[in-house]
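Residue numbers (my numbering): 34 to 98.
Right, here's the structure in full:
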């Protein structure tokens, strides 16, 4: 997996983990929802940009089985 892709994927999953474990009072729930949506769209952009690399990596994992 290319280093740039690996870093981008790690950042996306780090943000998703942070958002899912945050304890936010009800008043700031909107912030959690906004960060969740931003993470979703960021992950979609990363996938669209690196689609060939990701698909090749998944295929290589499938072949190892």
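Beta carbons are placed, not taken as given, at the ideal position from N, Cα and C, and that holds for glycine.
Keep in mind it's a predicted model, so treat the numbers as computed, not measured.
{"Asked": "Contact belief for residue 42 with residue 79 at Cβ below 8 Å, rounded distance in angstroms", "Found": "7 Å"}
{"Asked": "Extent of the continuous alpha helix (DSSP H) to which residue 80 belongs", "Found": "62–82"}
{"Asked": "Beta-carbon gap between residue 72 and residue 55 smaller than 8 Å", "Found": "no"}
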